[in-house]
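Chains as they are written, first to last, in our numbering: chain A, 1 to 115; chain B, 1001 to 1114. Ideal Cβ placement from N, Cα and C applies to all residues, glycine included. On a predicted model such as this, the values are computed, not experimentally measured, just so you know.
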């Protein structure tokens, strides 16, 4: 158990819909990262937050957005869903913003299926 | 961040040491070598990381060559539960736009058999 929690574990929804994925980082970790893992693209970095502020962006679509709240939990919002958005979505956390040799701890993921 | 090259797959007998190689010939001085593994669609699990010196923890050992262009992850006594995809990642320890993101390649599928 990494200490990172994600809800829900599974999500099935239809094209065009909007969903919210939730992540709670490990106690004491200030930085949260979101990754997407699909069969054809592998594990890809989406976005990073540190103490409520966006710090880095990766291959995140405009239809996707995220935020980190004062209690440090984070939410990833996916809208206008397409079949190709079906994937595993992982959240990770670390102590620091990323500079330095800080390891990231990953949650169990949310499996999103868009039908 | 420097690119890494890993063999797509490897086999290992249970109880034997598993030696997973990684090539990172373009690594620069401020880049660390990290190893993660992913067991069947679970969240990636941190294993170990290092800069120059060899490192050991309760899970594995990391051997980095003197020129830092390659490294080897060693699982000393592989078990069936070590069957997973192993990712070698090189990441800068500096700040900047990349910050802490991890860039995953295809990794090595390690299969431990009885």
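| Asked | Found |
| --- | --- |
| Does the pairing of the stretch 1016 to 1026 of chain B with the stretch 67 to 85 of chain A give three or more beta-carbon distances under 8 Å? | no |
| Grab the span of the beta strand (DSSP E) containing residue 1108 of chain B for me, first residue to last. | 1108 to 1113 |
| Could you confirm whether any beta carbon from chain B is found closer than 7 Å to the beta carbon of residue 94 of chain A? | yes |
| Checking 7 Å against the spacing of the C-beta atoms, do residue 1080 of chain B and residue 1035 of chain B come in under that value? | no |
| Would you be able to state if there are at least three C-beta pairs under 8 Å between the stretch 1056 to 1074 of chain B and the stretch 24 to 40 of chain A? | no |
| What in chain E is Cβ-close to residue 3 of chain A, meaning under 7 Å? | Absent from the structure: chain E. Protein chains present are A and B. |
| Of all the beta strand (DSSP E) runs that stay within the bounds of the stretch 1007 to 1080 of chain B, which reach a length of 3 or more residues? | 1009 to 1013, 1018 to 1023, 1031 to 1038, 1045 to 1050, 1061 to 1064, 1070 to 1075 |
| So residue 1101 of chain B contacts chain A; which residues on that side make the cut at Cβ distance below 8 Å? | 33, 45, 48, 56, 58, 98 |
| Residues of chain B with CB under 7 Å from residue 105 of chain A, in chain order? | 1046 |
| Quick one, which of B:1037, B:1029, B:1053 has its alpha-carbon nearest residue 103 of chain A's? | B:1037 |
| Which residue's Cα is closest to the Cα of residue 1042 of chain B: B:1113, B:1111, B:1084, B:1101? | B:1084 |
| Checking the sheet assignment: what are the DSSP bridge partners for residue 1086 of chain B? | B:1037, B:1108 |
| What residue range is occupied by the uninterrupted beta strand (DSSP E) comprising residue 90 of chain A? | 87 to 94 |
| Quick one: any contact between the stretch 1059 to 1069 of chain B and the stretch 1020 to 1032 of chain B, if contact means 3 or more CB pairs under 8 Å? | yes |
| What is the DSSP secondary structure of residue 58 of chain A, reduced to helix, strand or coil? | coil |
| Beta carbon of residue 149 of chain A, beta carbon of residue 89 of chain A: below 7 Å? | As shown, chain A starts at 1 and ends at 115. That puts residue 149 of chain A outside it, with no answer to give. |
| Between which two residues does the beta strand (DSSP E) harbouring residue 75 of chain A extend? | 74 to 78 |
| Measuring only between beta-carbons, confirm whether residue 109 of chain A sits less than 7 Å from chain B. | yes |
| State the beta-bridge partners of residue 53 of chain A as determined by DSSP. | A:50 |
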